[in-house]
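Remarks on the structure that follows.
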Amino acid sequence: MIFEAAKPPWEIEREILVRVDAESDPSYGCPPYKRPLEKLLRACIVNVDKPRGPTSHEVAFTVKELLSARQAGHGGTLDPAVSGVLPILVDEATKCAGAVMGGGKEYVCLMRLHGDVSDDDLKKALRFFTGEIYQVPPVRSS
Numbered sequence: 016m017i018f019e020a021a022k023p024p025w026e027i028e029r030e031i032l033v034r035v036d037a038e039s040d041p042s043y044g045c046p047p048y049k050r051p052l053e054k055l056l057r058a059c060i061v062n063v064d065k066p067r068g069p070t071s072h073e074v075a076f077t078v079k080e081l082l083s084a085r086q087a088g089h090g091g092t093l094d095p096a097v098s099g100v101l102p103i104l105v106d107e108a109t110k111c112a113g114a115v116m117g118g119g120k121e122y123v124c125l126m127r128l129h130g131d132v133s134d135d136d137l138k139k140a141l142r143f144f145t146g147e148i149y150q151v152p153p154v155r156s157s
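Sequential numbering from 16 applies to the sequence shown in the working numbering.
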C-alpha cells in the first residue's frame, strides 16, 4: 500500500539563515585545505560500506575506536542483515545528524526469477515497491 503523506526530505524547501555576511580574520584558524589530518578527523563524516552482520551501532563504535574519537554516531540505521552505505558522523560532525538523516534513502534489489515473466508483468509488480510505502509493524514481535 502506498502511503501518501508529506514530501520526501529531498523535496522540502529549506531556508538558510545568515546572521552576518562576513569573512574570517585570516590570522585566526586556517583554510580547510591547510588543516592537519588530525583536525579534519575531528569533524568528519565517514561513509562506510556496511557489510551484512554487524549492527549500525557496532559499525559506529568501530569507527570511533579506530579514529580515537570522543563520539561517533550513525546517520540512519541499517538492519544487521542488510548491507549498504552507512554515514558515520565523528566528533564535531555529530551536530549535523539532522541534515544527514533527512536526506532520504534508496533501496536497490537484486532478484532471480524462477520462471518466465513478461516485461509488462514484471514492471507492474515492481510499481508496487516504488515510492513511499507505509509499513505496519506486526502486532507481535520476538
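C-beta atoms are modelled at their ideal positions from N, C-alpha and C, and glycine is treated no differently.
The structure presented is a predicted model; accordingly, all values stated were derived computationally and were not measured.
Just verifying my parser: in three-state terms, what is the DSSP assignment at residue i?
i      : result
Leu101 : strand
Gly113 : helix
Who are the near neighbours of residue i in its chain, counting only those whose CB is closer than 6 Å to its CB and skipping five residues on each side?
i      : result
Asn62  : Val100, Pro102
Thr109 : Gln86, Gly88
Gly91  : Met116
Suppose the cutoff is 7 Å on Cβ atoms and the five residues either side in sequence are ignored; what does the same chain contact list for residue i look like?
i      : result
Gln150 : none
Tyr43  : none
Ala112 : Gly88, Gly90, Leu104
So, under 8 Å CB-CB, residue i and residue j are touching, yes? Tell me the CB distance rounded to an integer number of Å.
i     : j      : result
Arg71 : Leu93  : Note that residue 71 is Ser in the sequence shown here, rather than Arg. Indeed they touch by this definition, with Cβ atoms about 5 Å apart.
Ala75 : Asp106 : Actually they are not in contact, since the Cβ atoms of Ala75 and Asp106 sit about 12 Å apart, beyond 8 Å.
Gln82 : Leu56  : Gln is not the amino acid found at residue 82; the sequence shown has Leu there. So it is a contact: roughly 6 Å between Cβ atoms.
Check whether the Cβ of residue i lies closer than 8 Å to any Cβ atom in chain C.
i      : result
Arg127 : Protein chains in the displayed structure number just one, and chain C is not present.
Segments assigned alpha helix (DSSP H), at least 4 residues, entirely inside the stretch 49–109: 52–55, 71–81
Cβ pair count under 8 Å reaching 3, the stretch 23–40 against the stretch 117–136: yes
Three-pair Cβ contact test at 8 Å for the stretch 28–37 versus the stretch 65–83: no
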